[in-house]
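Input: a single structure, listed below in structure tokens.
There are 2 protein chains.
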Amino acid sequence: MKRPRLTQRDIARIAGVSQATVSLVLNDAKAAAGRIPDETRERVQKAIRETGYVADPIARRMAKGLNRILGVFTYEPAFPSAQADFFAPFLFGIEETAQTLGYDLLLLTGAPANRGKRRIFDENNRLRLADGCVILGREFDRAELKRLIAGDYPFVAVGRRDPVGGPTGGPVPYVGADYVTATAEMVRRARAKGHSMLAYVGPSKGAESSVDRWNGFNLALDGAELALHVPEVGGKALTMLEAIRRSGATVAFFTELADAVVVDAAARSQNLSVPGDLSIVVLGSHIRPMQSGTRFTTFSIPREEMARRATQMLCERIEANAAGGQVLLACEPVEGETLGTIQQETDLT
Amino acid sequence: MKRPRLTQRDIARIAGVSQATVSLVLNDAKAAAGRIPDETRERVQKAIRETGYVADPIARRMAKGLNRILGVFTYEPAFPSAQADFFAPFLFGIEETAQTLGYDLLLLTGAPANRGKRRIFDENNRLRLADGCVILGREFDRAELKRLIAGDYPFVAVGRRDPVGGPTGGPVPYVGADYVTATAEMVRRARAKGHSMLAYVGPSKGAESSVDRWNGFNLALDGAELALHVPEVGGKALTMLEAIRRSGATVAFFTELADAVVVDAAARSQNLSVPGDLSIVVLGSHIRPMQSGTRFTTFSIPREEMARRATQMLCERIEANAAGGQVLLACEPVEGETLGTIQQETDLT
DNA sequence: ATTAGCTGCTAATGCGTATTAGCGACTTGT
DNA sequence: ACAAGTCGCTAATACGCATTAGCAGCTAAT
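In the order they appear, the protein sequences are chains E and W.
Residues 32 to 380, numbered by our numbering, are exactly what the first sequence covers, in order.
Residues 32 to 380, numbered by our numbering, are exactly what the second sequence covers, in order.
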């Protein structure tokens with residue numbers, strides 16, 4: 032029952048040649064030197080056909096060093112429904128590009144190690160099964176990032192990452208979204224509509240994407256007042272709403288769509304009009320039909336494109352031993368219908 | 032720049048021991064015999080820590096034969112938006128189980144070979160990178176299936192598959208959904224509501240899932256009349272609707288949700304009431320909020336569960352060298368609101 | 001006739017790890 | 001004191017393939 036796997040040696044024996052010859056026939060055209068006559072070649076191929084032999088990709092990789100596989104590492108599970116909408120567009124883009132470039136995908140789904148956190152440098156790190164690796168996830172473990180940069184393993188991050196310090200440090204190859212510019216543009220639009228008391232719901236530090244939004248926000252504030260800053264995300268809708276109202280803010284910026292959705296709902300349930308009584312801006316979302324009825328004012332994050340570019344960059348790193356750069360893609364503003372105009376003084380003209 | 036990768040030999044040199052010792056330290060507890068004193072062990076681990084060495088998973092697999100990776104092969108690309116809703120639940124389930132059982136996932140995204148069709152036994156078959164493989168997709172290439180069955184590579188199909196004939200043939204290990212029973216139940220419900228003229232839109236042959244639906248349908252017909260059979264899927268909405276109306280059918284069974292959606296829309300746009308004037312039954316769909324407003328009468332396919340069970344079965348095949356069986360999971364009827372009651376003769380009582 | 005060159009193949013080696021047999025230096029038992 | 005173990009480690013090998021050096025047999029050139 033446990034028939035040992037067919038190897039080139041078996042084929043060689045059947046065809047009456049040596050293992051080396053079998054390998055040469057398989058890798059065909061490349062060996063321009065010492066050509067193999069058609070007669071022999073045919074004999075070997077016949078044996079292969081009849082036995083259904085296929086080369087072991089592991090051994091192949093072992094001998095050659097590359098196997099045309101791209102790894103995809105996610106710090107969070109890639110598929111769970113909760114994250115699905117977040118990761119799916121990235122995966123779409125990666126798969127598309129990988130397929131075009133003739134690579135297979137290896138999804139690293141390592142069991143969460145100690146403390147429930149996933150780690151790249153686990154005791155059994157499987158990264159090297161792939162020629163290189165795309166890394167997804169909001170937060171990148173800095174220690175691991177440092178090791179990656181110090182090492183010679185090709186990788187590209189999706190999302191901007193701060194450079195790594197230290198003697199072995201350096202810039203991180205990434206393809207990210209330009210949250211600074213996009214957020215600043217949102218603030219500018221709000222200001223143009225007369226808003227001067229702004230609320231911000233979202234962290235000001237932590238992941239690069241958070242910091243970038245916060246920086247973009249402050250960059251464009253330009254005299255307007257930050258009436259309220261709620262650094263915690265995922266709070267209670269009524270609490271958030273009340274705080275915003277009390278602060279006197281006329282527009283609230285949310286880093287999390289989920290927060291915006293619940294606050295929007297809470298406002299409406301209190302007979303507050305959005306954007307009549309309160310404007311809402313969401314700092315980034317994917318270009319897809321929202322399940323929530325409200326069409327928020329926001330900007331779209333080009334997730335597929337980010338993934339495509341990152342994958343491409345990775346392949347260049349692998350194939351041409353290129354260094355990999357830092358790319359920021361622009362986010363497209365989405366007009367939506369939750370950013371209103373503020374009237375000066377008078378209630379009704 | 033192209034620093035050669037760190038190997039156990041390097042660690043051995045640094046720690047002043049042999050490569051074998053390093054390997055023994057790494058694989059730790061297993062080697063009960065010939066224990067290694069803590070002093071030496073510590074020396075080796077220090078070297079590992081300081082250099083950041085990680086064992087090469089390829090070489091590991093080469094030496095040991097297994098690497099705790101499950102392959103996932105799909106005949107269609109797994110992520111493209113179009114298929115997303117179809118594959119996503121399977122992937123959820125597979126990832127979940129894989130993670131629980133401590134396996135990584137390898138998504139086989141091979142470039143489409145000749146004629147644009149994906150093949151398992153490509154010139155560079157990467158299946159063997161994984162210890163075993165889950166196979167997804169509506170249609171399974173019979174020739175490839177035959178080779179798989181004949182070979183010793185562990186795999187499990189998601190979805191029922193007919194046994195393979197021939198000397199090396201046999202049953203196919205799978206976890207599928209019981210479309211026969213589920214479809215028959217739908218027909219029975221329609222009949223119980225007075226329907227006796229039925230239309231069927233969907234193929235009667237081809238993939239096992241199609242055949243099963245068709246068989247279940249006929250099984251429960253029981254004297255009722257098949258007023259119309261449209262074997263083509265994805266036809267024009269108005270054409271389908273008209274054919275159904277002309278046939279005198281009072282209820283239409285669709286194998287494809289998409290067809291049902293457009294015919295439903297067409298009917299409503301013609302001021303036909305669903306289910307007042309025409310009942311619609313969809314033969315299977317996923318338990319998720321439909322984008323279409325209509326809540327169809329249908330049955331839910333337990334996709335996540337199928338994937339979980341298949342993954343589990345695969346792991347048993349790998350670890351215990353089990354044979355793998357044939358499992359059919361039940362589909363849950365979904366009441367919906369598109370199956371109405373037929374009044375006898377009288378229009379209004 | 002000797003050398004040079006070509007053709008058609010094979011032996012040998014390396015890739016990085018896991019594993020096993022076994023060796024030298026001790027310790028223990030009798 | 002000698003056999004029989006135990007301890008701590010290493011040499012050697014296998015895994016399946018790609019690749020290189022090179023060998024034998026031949027032909028063509030000098």
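Just so you know, even glycine gets a beta-carbon here, dropped at the ideal spot from N, CA and C.
Computed from a predicted model, the values in this text were never measured in an experiment.
For chain W, the residues of the segment 59-91 of chain E that bring a beta carbon within less than 9 Å of one of its beta carbons are G83, V85, A86, D87, P88, I89, A90, R91, in chain order. A direct Cα-Cα distance of roughly 15 Å separates A43 (chain E) from D87 (chain E). Look at G124 (chain E) here: in three-state DSSP terms it is helix.
Within the DSSP bridge table, the entry for G168 (chain E) names no partner. Scanning chain W for C-beta atoms nearer than 7 Å to the C-beta of M93 (chain E) yields I89, A90, M93, reported in chain order.
By the CB criterion at 9 Å, A46 (chain W) and V85 (chain W) fall outside the cutoff. Residue environment for A213 (chain E): buried (at least 16 other C-beta atoms within 10 angstroms of its C-beta). Three or more beta-carbon pairs separated by less than 8 Å are not found between the segment 157-172 of chain W and the segment 354-366 of chain W, which leaves the two stretches without contact. Any Cβ of chain E closer than 9 Å to the Cβ of A181 (chain W) would place that residue at the interface, and such an atom is present. In the DSSP assignment, I180 (chain W) falls within the alpha helix (DSSP H) that extends over 173-181.
Distances from the CA of V189 (chain E) to each of E:F117, E:K236, E:H260 were compared; the closest alpha carbon is that of E:F117. In the DSSP secondary-structure assignment, S54 (chain E) is not bridged to any residue. Interface with chain E (9 Å Cβ-Cβ cutoff): A215 (chain W) is excluded. Close CB contacts of K236 (chain E) within its chain, under the 7 Å cut and outside five residues either way in sequence, are with V242 (chain order). R99 (chain W) sits buried, since 16 or more C-beta atoms from the chains shown fall within 10 Å of its C-beta. Inclusion of I275 (chain W) and D295 (chain W) in the CB contact set at 9 Å is not warranted, their separation being larger than that value. At the C-beta level, L138 (chain W) and I349 (chain W) stay beyond 9 Å of one another. Taking 8 Å as the upper bound for CB-CB distance, F327 (chain E) and F284 (chain E) are not in contact here, some 11 Å apart. Here the alpha carbon of G233 (chain E) sits roughly 37 Å from the alpha carbon of A338 (chain W).
Residue environment for D253 (chain W): exposed (fewer than 16 other C-beta atoms within 10 angstroms of its C-beta).
Contact with chain E is absent for L176 (chain W), since none of that chain's Cβ atoms lies less than 9 Å from the residue's Cβ. Residue pairing of D135 (chain W) in beta bridges, as defined by DSSP: W:I100.
Annotation for I311 (chain W): the continuous beta strand (DSSP E) segment containing it runs 310-316. Residues of chain E whose Cβ lies closer than 8 Å to the Cβ of N156 (chain W) are, in chain order, V85, A86, P88. For R159 (chain E), the chain W residues whose C-beta falls within less than 7 Å of its own C-beta are D87, P88, I89, listed in chain order. Cβ neighbours of L360 (chain E) within its own chain (closer than 8 Å, five residues either side excluded): V206, G207, A208, D209, P333, E336, M337, R340. Interface residue (Cβ-Cβ distance to chain E less than 9 Å): D135 (chain W) is classified as such.
By the rule that beta-carbons nearer than 9 Å mark a contact, R326 (chain E) does not touch chain W. Annotation for E363 (chain W): the continuous beta strand (DSSP E) segment containing it runs 363-365.
Neighbourhood of L139 (chain E) in chain W, by CB distance below 9 Å: D135, L136, in chain order. With its beta carbon less than 9 Å from one in chain W, A119 (chain E) belongs to the interface. Just measuring C-alpha positions, the residue of W:D135, W:Q130, W:E127 sitting nearest G102 (chain E) is W:D135.
Across the set E:E366, E:R192, E:T82, the C-alpha of E:E366 shows the shortest separation from the C-alpha of G315 (chain E). Taking C-beta atoms as the reference points, L167 (chain E) and F121 (chain E) count as a pair closer than 9 Å. The Cβ-Cβ distance between L288 (chain E) and A258 (chain E) does not fall below 9 Å.
Just so you know, the alpha carbons of P204 (chain E) and L57 (chain W) end up roughly 32 Å apart.
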